[in-house]
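Colleague: In UniProt numbering, the protein residues as written are 1 to 291.
Even for Gly, the Cβ is constructed at its ideal location relative to N, Cα and C.
Sharing a structure, written as structure tokens. Questions coming.
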């Protein structure tokens with residue numbers, strides 16, 4: 001089973017496959033994963049950082065002078081959903097590729113999912129089992145629990161998954177973003193079950209007009225798809241929850257409970273999760289843009 005698990009997470013997905021850039025990932029990046037992750041972060045600007053800068057807020061100088069980003073540039077998530085697309089555009093804007101002095105105007109304006117996918121692509125190119133994960137980052141300063149995407153990779157010498165957050169790796173944290181302590185990141189299944197059991201305040205998970213349980217359920221399914229090597233975009237969700245969440249009854253909520261319980265221990269429950277993936281059509285088929 002462990003061999004099947006590792007083969008599953010070594011495999012590229014349609015989103016993490018680097019295409020003809022695989023050799024560059026192997027050749028042009030530092031061997032050290034932390035150094036590689038920080039260099040990747042220097043190629044991009046988070047769209048919220050761009051918005052904050054344009055609204056007069058302070059931004060981390062490590063991201064460069066964001067004010068130099070051309071006025072017409074906006075968030076680019078929709079343009080570059082795959083590793084191949086991001087890598088091609090980075091090289092188009094600066095043929096040198098991964099460089100620490102990339103001009104601000106040549107950086108991609110993307111969010112955490114995309115950095116997590118780039119890191120997963122880099123690690124898979126090295127033959128390292130890894131997976132993108134979805135949940136919440138209590139360490140991001142906010143008035144609510146912030147949805148966040150990160151990456152995990154298998155570290156054979158210590159026989160454990162190492163959790164990394166390249167997207168916020170240039171921020172000052174009381175922990176190593178390339179070996180995050182257990183409990184630092186709040187995985188979606190844990191958050192869902194904590195709210196369902198009344199152990200955590202649901203109001204922290206309300207986003208704009210989106211109900212807390214709907215937000216949480218969406219992240220649970222994003223993470224489920226990530227565990228199955230299918231890192232879908234924000235604009236899609238399984239038909240099980242996508243039509244009208246307000247009409248979801250207790251039976252459906254309990255079905256999500258069951259899935260979340262399995263996802264709390266995804267390695268031990270890998271076979272069951274794979275069976276659900278291969279048989280539960282409503283969990284896998286998507287509703288959203290162009291679907």
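1. Which residues in the same chain have their Cβ closer than 8 Å to the Cβ of residue 100, if we skip the five residues on either side of it in sequence?
2. My output table needs one value for residue 254: the three-state DSSP class, helix, strand or coil.
3. Within 8 Å, do at least three Cβ pairs link the segment 64 to 73 to the segment 82 to 99?
4. Am I right that residue 147 and residue 189 are in contact with their C-beta atoms under 8 Å? What's the rounded C-beta distance?
5. On the premise that residue 153 lies in contact with residue 83, defined as a C-beta separation below 8 Å, what is that separation, rounded to the nearest angstrom?
6. What residue range is occupied by the uninterrupted alpha helix (DSSP H) comprising residue 2?
7. Just to confirm, is the Cβ distance from residue 22 to residue 116 under 8 Å?
8. Threshold first: 3 residues or longer. Then list the beta strand (DSSP E) segments lying entirely within the segment 212 to 286, N to C.
9. For residue 135, which three-state DSSP category applies?
10. Can you list, in chain order, the residues of its chain with a C-beta nearer than 7 Å to that of residue 89? Leave out the 5 residues immediately preceding and following it.
11. Can you list, in chain order, the stretches of the beta strand (DSSP E) that have 3 or more residues and sit fully within the segment 97 to 133?
12. Quick check for students: name the residue ranges of the alpha helix (DSSP H) that lie wholly in the segment 5 to 54, counting only runs of 4 or more.
13. Across which residues does DSSP place residue 186 in a beta bridge pair?
14. Report the residue from 113, 251, 155 and 114 whose alpha carbon sits nearest the alpha carbon of residue 10.
15. Report yes if the C-beta distance between residue 236 and residue 291 is below 8 Å; otherwise report no.
16. Just to confirm, are residue 216 and residue 266 a CB contact at a threshold of 8 Å?
17. So residue 187 and residue 133 are in contact, right, with Cβ under 8 Å, and what is the actual spacing, rounded?
18. Closest to residue 278 by C-alpha separation, out of 246, 225 and 256, would be which residue?
19. Among residues of its own chain, excluding the 5 on either side of residue 52, which ones have a beta-carbon nearer than 7 Å to its beta-carbon?
20. Could you name the residues that DSSP lists as bridge partners for residue 152?
21. Just the Cα atoms here: how many angstroms apart are residue 249 and residue 3?
22. Does residue 288 come out as helix, strand or coil in the three-state DSSP assignment?
23. Compare the Cα-Cα distances from residue 70 to each of 77, 55 and 50 and report the closest residue.
24. Consult DSSP for residue 195 and reduce its assignment to one of helix, strand or coil.
25. Pick out whichever of 86, 102, 98 and 122 has its Cα sitting closest to the Cα of residue 111.
26. Please look up how many angstroms separate the CB atoms of residue 169 and residue 25, rounded, as I've assumed it's under 8 Å.
27. So, are the CB atoms of residue 242 and residue 281 less than 8 Å apart?
28. Buried or exposed for residue 210, going by 16 or more other Cβ atoms inside 10 Å?
Modeller: Walking through what the data contain:
1. 39 and 42
2. helix
3. no
4. Going by Cβ atoms, the distance from residue 147 to residue 189 rounds to 14 Å, so no, they are not a contact pair.
5. Contact doesn't hold; Cβ gap of about 15 Å is too wide.
6. 2 to 10
7. No, they are not a contact pair.
8. 236 to 238
9. strand
10. 80 and 108
11. Qualifying beta strand (DSSP E) stretches, in chain order: 108 to 110.
12. Correct list: 22 to 28, 33 to 41 and 47 to 54.
13. 136
14. It is 155.
15. yes
16. no
17. Contact holds; Cβ gap of about 6 Å.
18. Residue 225 is the option with its Cα nearest to residue 278.
19. 59
20. 131 and 163
21. 39 Å
22. strand
23. Sorting 77, 55 and 50 by C-alpha distance to the C-alpha of residue 70 places 50 at the top.
24. Residue 195: helix per DSSP, three-state reduction.
25. 86
26. Not really, about 18 Å apart at Cβ, beyond 8 Å.
27. By the CB criterion at 8 Å, residue 242 and residue 281 fall outside the cutoff.
28. Its Cβ having fewer than 16 others within 10 Å, residue 210 is exposed.
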